[in-house]
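Peer 1: Dropping a structure here in structure tokens format, bear with me for questions.
Residue numbers (this note's numbering): 742 to 1168.
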């Protein structure tokens, strides 16, 4: 009996210790398990000072070294941007457009200041280019100017490049707090009669320059047997303005529209190679050889480590019922083409441009705006290239269905340049 009584207390104490240990373990496990759930409902002021510092440190580390999952997402997005065809897409309505107010920019030539000249509709101002495979970054004038700091950007080409030049000045001007810090260094006002402008952005020590060159190769004059002077085009010699090109860090070239006009298109006693004047020569082949002359000059004079070169493709005209000098019109066009076939055939000139660029040593970025401009039949000045004078009627005015109203389509070309700089991490 005594033995049985003496064993009972020891059994009870052991059992109680076991129960207490079990409950303590259960308590710890429950607290850890419930902690994430409780944290969802815990007010922010429950954090201790040490927890706040720890949280901030974690945030900083995450920004500097993002988690692997985020890196994967970022890398995918970066690759998508790098491979995105930004020239295949559509125009979408955007009420935040235009980027600058019509009539507000002093650098817009009267001939493309359509709203000031009385154009009654304004929907053409509110279209934004949207690629199919990615989103373009919103144009950031301040960021663009920072990328240009200390550099010279030059647009070289015909009046279409002047159209783009004026657009770029107006877009970049929006990033200036003090707009008087932007000026033409010689005090020149932009007109059709002058072929060279240098605009300085004083706060950024950068310049945006325009140089007129209709063909990128040398224009000349010959005197015929009757003592008359006739124009010629030396397709094997670079244009005389090329000395200016060498001073630029970033260049945007173009040539196209003058190759379909008059003597150039006919090719009779016009094209030269060396001292030989061709009695008759095909304008398309002349265009190819001229571009090869330009490409050879670029390869010999520019360093890909120091220079960035763009070539802007053909910008579509929309004359109906005639050409620019034979009654062609685009009056009444107020909407872009948003469906159906926009471009039946890809212009032969653009195929030539692509072939020439592929063979170059210096990388050239092709701003292939041909398709996106082809759908914008609503974007031209038409009859609103100047104000109607007293007694003048719209029906007697020659229309402009080649150049583009500003604000307007050329703004998109410059947005594509900006997107290229951002996506490819240039400058």
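Backbone N, C-alpha and C define an ideal beta-carbon position, used for all residues, glycine too.
Computed from a prediction, not measured in an experiment: that's the story for all the values here.
Give the single residue among 1153, 926 and 1018 whose Cα lies nearest to the Cα of residue 960.
Peer 2: Taking the chain shown and counting its residues from 1, the one referred to as residue 960 is at position 219. It is 1018.
Peer 1: Answer with buried or exposed for residue 886, where buried requires no fewer than 16 other C-beta atoms within 10 angstroms of its C-beta.
Peer 2: Taking the first residue of the chain shown as position 1, residue 886 is located at position 145. Answer is buried; the Cβ neighbour count reaches 16.
Peer 1: Helix, strand or coil for residue 931? Go by DSSP, reduced to three states.
Peer 2: As a first step, residue 931 must be located in the chain shown, where it is residue number 190. The answer is coil: DSSP assigns residue 931 none of H, G, I, E or B.
Peer 1: Taking 7 Å as the cut-off, decide whether the C-beta atoms of residue 912 and residue 840 are in contact.
Peer 2: Counting from 1 along the chain shown, the entry for residue 912 is found at position 171. Counting from 1 along the chain shown, the entry for residue 840 is found at position 99. Yes, they are a contact pair.
Peer 1: Using a Cβ-Cβ cutoff of less than 6 Å, which residues in the same chain neighbour residue 1012 once the five nearest sequence positions on both sides are dropped?
Peer 2: Along the chain shown, one-based indexing puts residue 1012 at 271. Cβ neighbours of residue 1012 beyond the five flanking positions: 974, 976, 1019, 1022 and 1027.
Peer 1: For residue 1169, report the span of its alpha helix (DSSP H) as first-last.
Peer 2: Given that the chain is displayed from residue 742 to residue 1168, the structure contains no residue 1169 and the question cannot be resolved.
Peer 1: Expressed to the nearest angstrom, what Euclidean distance is found between the alpha-carbon atoms of residue 1038 and residue 1032?
Peer 2: Numbered from 1 along the chain shown, position 297 holds the residue referred to as residue 1038. Numbered from 1 along the chain shown, position 291 holds the residue referred to as residue 1032. If you take the alpha carbons of residue 1038 and residue 1032, they lie about 10 Å apart.
Peer 1: Grab the span of the alpha helix (DSSP H) containing residue 940 for me, first residue to last.
Peer 2: Mapped onto the chain shown, residue 940 falls at position 199. First-last for residue 940: 937 to 942, but that is the beta strand (DSSP E), not the alpha helix (DSSP H).
Peer 1: Can you give, in chain order, each stretch of the beta strand (DSSP E) that sits fully within the region 1035 to 1063 and has at least 3 residues?
Peer 2: Runs found: 1049 to 1053.
Peer 1: Is the region 1095 to 1114 touching the region 1153 to 1165, taking contact as three or more C-beta pairs under 8 Å?
Peer 2: Taking 8 Å as the limit for Cβ pairs, the verdict is that the region 1153 to 1165 does touch the region 1095 to 1114.
Peer 1: Among the candidates 1153, 898 and 1122, whose CA atom is the shortest distance from the CA of residue 863?
Peer 2: Against the chain shown, residue 863 aligns to sequence position 122. That would be 1122, whose Cα lies nearest to the Cα of residue 863.
Peer 1: How big is the Cα-Cα spacing for residue 896 and residue 1064?
Peer 2: Translated into the one-based positions of the chain shown, residue 896 becomes position 155. Translated into the one-based positions of the chain shown, residue 1064 becomes position 323. C-alpha separation (whole angstroms): 27 Å.
Peer 1: Thinking C-beta only, is residue 1049 closer than 7 Å to residue 996?
Peer 2: Within the chain shown, residue 996 is the residue found at index 255, counting from 1. Within the chain shown, residue 1049 is the residue found at index 308, counting from 1. No, Cβ-Cβ distance for residue 996 and residue 1049 is not below 7 Å.
Peer 1: Tell me the residue span of the alpha helix (DSSP H) that contains residue 907.
Peer 2: Here the question's residue 907 lines up with position 166 in the chain shown. First-last of the alpha helix (DSSP H) with residue 907: 900 to 914.
Peer 1: Any idea which residues DSSP pairs residue 972 with across the strands?
Peer 2: Position 231 of the chain shown holds residue 972. DSSP output for residue 972 lists 962 as bridge partner(s).
Peer 1: Could you tell me whether the region 985 to 996 touches the region 927 to 936, using the rule of 3 or more Cβ pairs below 8 Å?
Peer 2: Result no; under three Cβ-Cβ pairs closer than 8 Å.
Peer 1: Any idea what DSSP makes of residue 1169, helix, strand or coil?
Peer 2: With the chain represented from 742 up to 1168, any question about residue 1169 goes unanswered, as that position is not in the structure.
Peer 1: With the cut-off set at 7 Å, would you say residue 982 and residue 952 are in Cβ contact?
Peer 2: On the chain shown, residue 982 is found 241 positions in, with the first residue counted as 1. On the chain shown, residue 952 is found 211 positions in, with the first residue counted as 1. Cβ atoms of residue 982 and residue 952: closer than 7 Å.
Peer 1: At the level of alpha carbons, what is the spacing between residue 772 and residue 831?
Peer 2: Against the chain shown, residue 772 aligns to sequence position 31. Against the chain shown, residue 831 aligns to sequence position 90. Unreliable positioning characterises residue 772 in this predicted model, as indicated by a pLDDT of 45, which lies under 50. The coordinate reading is nonetheless provided below. About 56 Å.
Peer 1: From residue 787 to residue 875, what distance separates their C-alpha atoms?
Peer 2: Within the chain shown, numbered from 1, the residue matching residue 787 stands at position 46. Within the chain shown, numbered from 1, the residue matching residue 875 stands at position 134. For residue 787, the pLDDT reaches just 30, beneath the cut-off of 50, and the residue's location in the model is therefore unreliable, although a value from the coordinates is still provided. Those two C-alpha atoms are separated by around 43 Å.
Peer 1: Please determine, among 943, 1056 and 873, the residue with the shortest C-alpha to C-alpha distance to residue 1232.
Peer 2: No answer is possible for residue 1232: it lies beyond the span of the chain, which begins at 742 and ends at 1168.
Peer 1: What's the gap between the Cα of residue 842 and the Cα of residue 909?
Peer 2: For the purposes of this step, residue 842 is taken as the residue at position 101 of the chain shown. For the purposes of this step, residue 909 is taken as the residue at position 168 of the chain shown. Their backbone Cα atoms lie some 14 Å apart in a straight line.
Peer 1: Please report the straight-line C-alpha distance between residue 829 and residue 870, rounded to a whole angstrom.
Peer 2: Taking the first residue of the chain shown as position 1, residue 829 is located at position 88. Taking the first residue of the chain shown as position 1, residue 870 is located at position 129. Spanning the two alpha carbons is a distance of roughly 9 Å.
Peer 1: Could you give the DSSP three-state label for residue 1016: helix, strand or coil?
Peer 2: Here the question's residue 1016 lines up with position 275 in the chain shown. Three-state DSSP puts residue 1016 in coil, outside helix and strand.
Peer 1: Less than 8 Å between the CB atoms is what I'm expecting for residue 1058 and residue 1142, so what's the real figure, rounded?
Peer 2: Counting from 1 along the chain shown, the entry for residue 1058 is found at position 317. Counting from 1 along the chain shown, the entry for residue 1142 is found at position 401. Sure, about 6 Å apart at Cβ, within 8 Å.
Peer 1: Evaluate residue 1047 with the Cβ neighbour count: other Cβ atoms within 10 Å of its Cβ, from every protein chain shown; 16 or more gives buried, anything less gives exposed.
Peer 2: Along the chain shown, read from residue 1 onward, the residue named residue 1047 stands at position 306. When all chains shown are included, residue 1047 counts as exposed.
Peer 1: Note down the Cα distance separating residue 1010 from residue 1016, rounded to an integer number of angstroms.
Peer 2: As a working note, residue 1010 is residue 269 in the chain shown. As a working note, residue 1016 is residue 275 in the chain shown. The straight-line gap from Cα to Cα measures roughly 12 Å.
Peer 1: On the CB-based measure, 16 or more other CB atoms within 10 Å of its CB, does residue 1089 come out buried or exposed?
Peer 2: Within the chain shown, residue 1089 is the residue found at index 348, counting from 1. Classification for residue 1089: exposed.
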